[in-house]
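Here is the structure we will look at.
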Amino acid sequence: MSLSKILNSLDKSWERQDVLLNIKKGLGTDEIVNQFIAKNERQIKELNSLLKPEDIDFLNQVEQLSTCESKLINKIKILNYLDNDENYPRINHKIISPSNSLPSNRISSFMINWSNQFVVIALLAISAIALSKQAWA
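Just so you know, the numbering used here puts 22 at position 22 of the sequence shown, and the rest follows in order with no gaps.
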């Protein structure tokens, strides 16, 4: 199977809405990741065999991007809490239940969409580079 087909298949298997539903059901992030790996083990092994050193470097950069986004979300939550310290119970409720807060939903929606688009574009770029290198070889 080609790199682009594997990436597309894995992307379809990792639906953010499904992940969010699993989180709401109380599943831990490690459990969600382990289930995904178990479900897609063959494709992940094949993907690892097709990755080149420059692809690994790029994946490390995407991982750093995700870490950066996570830190940004945490900072926004902390700033929200500090700015509204007198409303602690209400703010705490908003953090637990983001569906009650429109600005929070807009920010998270922006982060999710932007992150998804970046990762998909990055993966397509990797596969295009790999395919063009194969074509010239």
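The C-beta atom is built at its ideal place from N, Cα and C for all residues, glycine as well. Predicted model only: the values in this text are computed from it and were never measured.
- For E15, the three-state secondary structure derived from DSSP is coil.
- Counting only residues of its own chain and dropping the five nearest sequence neighbours on each side, I6 has a CB closer than 8 Å to the CB of Q43, E46, L47 and L50.
- S2 counts as exposed, since fewer than 16 other beta carbons sit within 10 angstroms of its beta carbon.
- Where S2 is concerned, there is no enclosing alpha helix (DSSP H), because DSSP gives it neither an H nor an E.
- Just so you know, the alpha carbons of S70 and D30 end up roughly 16 Å apart.
- With fewer than 16 neighbouring CB atoms inside 10 Å of its own CB, S66 falls in the exposed class.
- The C-beta distance from N40 to S4 rounds to 16 Å, too long to meet the 8 Å contact threshold.
- Separation of Y81 and S127 (C-alpha to C-alpha, rounded to the nearest whole angstrom) is 42 Å.
- A straight line joining the alpha-carbon of G26 with that of I32 spans about 10 Å.
- Annotation: the continuous alpha helix (DSSP H) that includes L47 extends over E41 to L50.
- Per DSSP, reduced to three states, the secondary structure at L20 is helical.
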